[in-house]
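Participant: The following block contains the structure, expressed as structure tokens.
Numbering (my numbering), first residue to last: 1 to 236.
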């Protein structure tokens, strides 16, 4: 039986209607990797028991990209005010993360999702890389397409990603303003970009939890990451 992979969503507010929104690239990659993709809507009034029932039905969770993590969680005032929709997402995903962690459900964090893992493990973020780091790399990817590669990342030897990709370096896309600053508890850095920005983290605990800063769902040659994740979820 194929594993069911939950994919977190965002709230998209338009004039006519408010939508639950998830990038189709995530769905497509999970399906191609022989998993069953299932969108997880943001549940505003759900008790922990409800989230526990939800997580129980899943074999793995992908925490997707999106807006900023709440900087108050790591003791800093936000540089940019958050929308109500982003605040709702942050609160929901924080609760979802801890329920999933308690159940030892395999987790893959992508971009914002990787930052979420780090912060909820006690780490912190650069709120604006372009203002806080001296770098010539445009990590924000402004005006670029999802499939457009922008810089290299260097993989740590013997890391999960090095085993998956069978390479020492990757050319990746990049669409993030924020980045990991102080590393969270029980995490290790497994990839960095040329300017030293942390591009991947791995959990040192007793279940699978991996974060990547780029968007592998937008790159055809990154399908192997989803295949490996689905395989891990199958064996859960």
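Glycine is no exception: its CB is placed at the ideal position from the N, C-alpha and C atoms.
(1) Measuring alpha carbon to alpha carbon, tell me which of 192, 172, 42, 134 ends up nearest residue 151.
(2) On the premise that residue 115 lies in contact with residue 79, defined as a C-beta separation below 8 Å, what is that separation, rounded to the nearest angstrom?
(3) Leaving out five residues before and five after residue 103 in sequence, what residues of the same chain have Cβ atoms less than 6 Å from its Cβ?
(4) Is the CB-CB distance between residue 226 and residue 29 below 8 Å?
(5) Work out the CA separation of residue 134 and residue 8 for me, nearest whole Å.
(6) Would DSSP call residue 82 helix, strand or coil?
(7) By alpha-carbon positions, which one of 160, 221, 220 ends up nearest to residue 232?
(8) Whole angstroms are fine: how far does the CA of residue 1 sit from the CA of residue 239?
(9) Bridge partners of residue 12, per DSSP?
(10) Going by DSSP, what residue range makes up the alpha helix (DSSP H) through residue 131?
(11) According to DSSP, is residue 152 helix, strand or coil?
(12) Measuring alpha carbon to alpha carbon, tell me which of 40, 19, 218, 168 ends up nearest residue 145.
(13) May I have a chain-ordered list of the beta strand (DSSP E) segments no shorter than 3 residues that lie completely inside the region 49-79?
(14) Between which two residues does the beta strand (DSSP E) holding residue 240 run?
(15) What residues in its chain sit with their C-beta under 8 Å from that of residue 3, if we drop five residues either side in the sequence?
(16) Exposed or buried, what is residue 188 when buried is set at 16 or more other beta-carbons lying within 10 Å of its beta-carbon?
(17) Taking the alpha-carbon positions, what's the residue 136 to residue 91 distance?
(18) Pull up the DSSP beta-bridge partners for residue 37, would you.
Facilitator: Concretely, from the data shown:
(1) For the residues 192, 172, 42, 134, the minimum Cα distance to residue 151 belongs to 172.
(2) Rounded, the Cβ-Cβ distance is 15 Å, inconsistent with contact.
(3) Residues of the same chain with a CB within less than 6 Å of the CB of residue 103, apart from the 5 flanking positions on each side, are 55 in chain order.
(4) It is a contact, given that the beta carbons lie within the stated cut-off.
(5) Rounded to whole angstroms, residue 8 to residue 134 spans 32 Å at the Cα level.
(6) Of the three classes helix, strand and coil, the one that applies to residue 82 here is coil, per DSSP.
(7) Nearest to residue 232 by C-alpha distance, out of 160, 221, 220, is 160.
(8) What is shown of the chain runs 1 to 236, which leaves residue 239 out entirely.
(9) For residue 12, which the question treats as bridged, DSSP gives the partners 19.
(10) Where residue 131 is concerned, the enclosing alpha helix (DSSP H) stretches over 129-132.
(11) In this structure, residue 152 counts as strand in the three-state DSSP scheme.
(12) When only C-alpha atoms are compared, the closest one is 218.
(13) Under the rule that a run must span 3 or more residues, the beta strand (DSSP E) segments found entirely inside the region 49-79 read 60-63.
(14) Any question about residue 240 goes unanswered here, given that the chain covers just 1 to 236.
(15) Taken in chain order, the residues that qualify are 35, 36, 59, 60, 230, 233, 234, 236.
(16) It counts as exposed.
(17) Approximately 34 Å between the Cα atoms of the pair.
(18) Note: residue 37 sits in a beta bridge opposite 5.
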